[in-house]
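Structure record follows, encoded as structure tokens.
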Amino acid sequence: MNIAVIGAGYVGTTTSVAFANYGHKVYVIENDQEKLKKLKKSILPFYEEGMEELLKKLIAGGNLLFFQNIEEVIDQVEILFITVGTPSLPNGEADLSYVEEAARQIGKLMNEYKAIVIKSTVPIGTGDKIHKIIKAELKKRNKEISFDLISNPEFLREGKALQDALYPERIVIGCETEKAEKVMKDLYKEINSPVVFTTIKDAEMIKYASNAFLATKISFINELARLCDKIGANVIQVAKGMGLDSRIGPHFLQAGIGYGGSCFPKDIKALLALASAKKTPLQILQAVSDVNQTQALWFMEKVEKALGSLSGKRIAVLGLTFKPQTDDIREASSLKIIQYLIENHSYISAYDPQGTEHVKKIYPNVHYTQTPFEALKGADAVLIVTEWKEIVEIDWKKAKNVLSQPYVFDGRNCLNSSALKKLGYHYEGVGTPSFDV
Ligand code: UDX
Numbered sequence: 001m002n003i004a005v006i007g008a009g010y011v012g013t014t015t016s017v018a019f020a021n022y023g024h025k026v027y028v029i030e031n032d033q034e035k036l037k038k039l040k041k042s043i044l045p046f047y048e049e050g051m052e053e054l055l056k057k058l059i060a061g062g063n064l065l066f067f068q069n070i071e072e073v074i075d076q077v078e079i080l081f082i083t084v085g086t087p088s089l090p091n092g093e094a095d096l097s098y099v100e101e102a103a104r105q106i107g108k109l110m111n112e113y114k115a116i117v118i119k120s121t122v123p124i125g126t127g128d129k130i131h132k133i134i135k136a137e138l139k140k141r142n143k144e145i146s147f148d149l150i151s152n153p154e155f156l157r158e159g160k161a162l163q164d165a166l167y168p169e170r171i172v173i174g175c176e177t178e179k180a181e182k183v184m185k186d187l188y189k190e191i192n193s194p195v196v197f198t199t200i201k202d203a204e205m206i207k208y209a210s211n212a213f214l215a216t217k218i219s220f221i222n223e224l225a226r227l228c229d230k231i232g233a234n235v236i237q238v239a240k241g242m243g244l245d246s247r248i249g250p251h252f253l254q255a256g257i258g259y260g261g262s263c264f265p266k267d268i269k270a271l272l273a274l275a276s277a278k279k280t281p282l283q284i285l286q287a288v289s290d291v292n293q294t295q296a297l298w299f300m301e302k303v304e305k306a307l308g309s310l311s312g313k314r315i316a317v318l319g320l321t322f323k324p325q326t327d328d329i330r331e332a333s334s335l336k337i338i339q340y341l342i343e344n345h346s347y348i349s350a351y352d353p354q355g356t357e358h359v360k361k362i363y364p365n366v367h368y369t370q371t372p373f374e375a376l377k378g379a380d381a382v383l384i385v386t387e388w389k390e391i392v393e394i395d396w397k398k399a400k401n402v403l404s405q406p407y408v409f410d411g412r413n414c415l416n417s418s419a420l421k422k423l424g425y426h427y428e429g430v431g432t433p434s435f436d437v
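Rendered as structure tokens:
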């Protein structure tokens with residue numbers, strides 16, 4: 001099939017690559033000149049494992065084409081995906097202006113039936129709003145052209161986005177006509193995943209509810225970790241014991257210094273804003289957000305208590321991205337931690353294999369190193385912020401010789417605590433028994 005994808009950000013590019021790989025011809029539209037130039041040269045504007053190689057192959061094969069305007073491709077496609085950004089507004093609501101602009105353009109330019117699919121994460125009810133915008137544009141042109149509005153949310157995890165797009169665990173399609181259902185069935189016919197057909201509103205809600213539930217699991221275990229810390233229980237064992245119950249499941253129960261990224265914080269804010277606007281507060285989700293806001297600070301208070309004071313101390317911050325296998329630092333806990341250390345007059349040396357350049361723009365005065373080992377030299381304490389492989393696999397025996405004091409605070413519970421303790425380290429994790437219980 002011929003498909004247009006409007007917006008070559010993370011979701012749009014990944015979606016385009018996946019559809020092109022399944023044999024569809026994908027016309028990608030990106031109005032940022034710089035990004036467009038890069039993509040045309042097969043350069044991915046972000047880091048995602050395996051994606052650039054596939055992008056190159058698909059461009060060379062002719063299935064993936066890039067354009068600046070919808071006008072250039074609209075008559076050649078039956079399906080248009082809207083994958084533009086929906087950033088948070090100051091009040092937490094999602095900013096729909098890019099989605100609305102894409103819809104206006106489609107309404108202005110379409111000359112025959114189109115299936116218009118929203119993949120961007122949008123508040124519940126946006127489908128109706130966008131439908132009206134397109135209808136109004138057609139009316140202005142005195143055109144009676146039929147179209148379907150469809151919601152097809154994405155569930156891509158950064159670092160595993162390609163796998164998630166090529167082999168999704170489920171495909172959710174919100175559509176309300178037989179024609180739309182047929183178009184979407186044809187589009188996904190090569191992908192062997194369970195498909196859930198719903199109304200547009202249900203599909204929009206499924207996306208928010210899924211992210212909200214995953215974030216709830218994380219904040220639940222993080223809050224429990226604070227109590228485990230106090231009573232000397234081990235949250236890793238608690239999560240393991242809980243997770244064997246298939247009704248609970250083992251995933252997203254890893255205690256740490258909080259969730260970050262481009263999705264969870266933004267989507268939770270948007271759902272809370274919607275709930276508040278509808279005068280139906282979501283109390284559990286509010287608590288999830290509050291726990292996450294304070295988790296990194298709770299961790300830093302632990303560090304401060306163990307070291308006495310942070311002032312004048314040399315602190316190695318290992319890991320800056322919100323999780324491993326990405327260069328994304330949006331809402332990363334590292335930013336809260338660096339800010340806290342600066343306010344408390346510590347000297348920071350920081351290492352990350354992918355995120356350094358982005359953090360440097362926010363904190364230019366931090367000392368950034370090329371290797372994790374370099375960051376340890378002369379440090380009074382090491383903070384593990386992101387569980388990158390090269391950080392987890394540091395030779396801690398050797399490291400002890402270069403550290404000023406053997407303090408390790410493991411914000412991701414990713415190190416072998418007993419091995420470190422045997423080497424003479426003062427080790428503290430999140431909700432794991434430590435020296436100070
Ligand atoms: C998430 C969803 O998983 C994905 O389905 C959705 O479409 C977009 O948002 P992503 O943001 O890439 O994906 O990251 P994810 O792997 O879900 O992790 C989010 C954050 O939660 C990270 O900061 C991670 O460190 C943290 N996390 C995750 C925990 O602290 N504990 C866990 O057990 C799992």
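Going by full-length UniProt numbering, the sequence shown opens with residue 1, and the numbers climb by one from there. Note that the Cβ used here is the ideal one computed from N, Cα and C, for glycine as well.
Query: Output yes or no for whether 9 Å exceeds the beta carbon distance between valine 288 and isoleucine 268.; Result: yes
Query: With a cut-off of 8 Å on the beta carbons, I'd call leucine 383 and isoleucine 329 a contact; round off their distance for me.; Result: About 16 Å separates the two Cβ atoms, so there is no contact after all.
Query: Exposed or buried, tyrosine 425, counting other C-beta atoms within 10 Å across all chains shown (16 or more means buried)?; Result: buried
Query: Terminal residues of the continuous alpha helix (DSSP H) containing arginine 104?; Result: 97 to 109
Query: Say yes only if the C-beta of serine 262 is nearer than 8 Å to one or more non-hydrogen atoms of ligand 1, and no if none qualify.; Result: yes
Query: Within the same chain, show all residues whose beta-carbon is closer than 8 Å to that of serine 193, passing over the 5 residues directly before and after it, in chain order.; Result: Tyr167, Pro168, Glu169, Arg170 and Ile171
Query: Rounded to whole angstroms, what is the Cα-Cα separation between glutamine 354 and glutamine 293?; Result: 24 Å
Query: For threonine 199, count the other beta carbons within 10 Å of its own beta carbon; 16 or more makes it buried, fewer makes it exposed. Which is it?; Result: exposed
Query: How far does the alpha helix (DSSP H) with glycine 174 in it extend, from its first residue to its last?; Result: No alpha helix (DSSP H) holds glycine 174; the beta strand (DSSP E) holding it covers 171 to 174.
Query: Please report the straight-line C-alpha distance between glutamate 387 and leucine 44, rounded to a whole angstrom.; Result: 24 Å
Query: Can you tell which of Gly431, Lys217, Glu100 and Ser16 has the C-alpha that lies nearest to the C-alpha of isoleucine 231?; Result: Gly431
Query: For lysine 38, is the beta carbon positioned less than 8 Å from some heavy atom of ligand 1?; Result: no
Query: Is DSSP giving serine 311 helix, strand or coil here?; Result: coil
Query: Glutamate 144 and serine 262: beta carbons closer than 9 Å?; Result: no
Query: Taking DSSP as the reference, what is the three-state secondary structure of aspartate 436?; Result: With a pLDDT of only 43 at aspartate 436, under the threshold of 50, the placement of this residue in the model should not be trusted; the figure read from the coordinates follows. Aspartate 436: coil per DSSP, three-state reduction.
Query: Would you mind stating whether valine 366 and valine 317 have Cβ atoms separated by less than 9 Å?; Result: yes
Query: Give, in chain order, every unbroken run of the alpha helix (DSSP H) that is at least 4 residues long and sits entirely within the region 372 to 436.; Result: 372 to 376, 389 to 392, 396 to 402 and 417 to 422
Query: Name the two residues that bound the continuous beta strand (DSSP E) containing isoleucine 6.; Result: 2 to 6
Query: For ligand 1, I want to know if lysine 217 counts as a neighbour, meaning its beta carbon is within less than 8 Å of at least one of the ligand's heavy atoms.; Result: yes
Query: Within 8 Å: the Cβ of glutamate 154 and any heavy atom of ligand 1?; Result: yes
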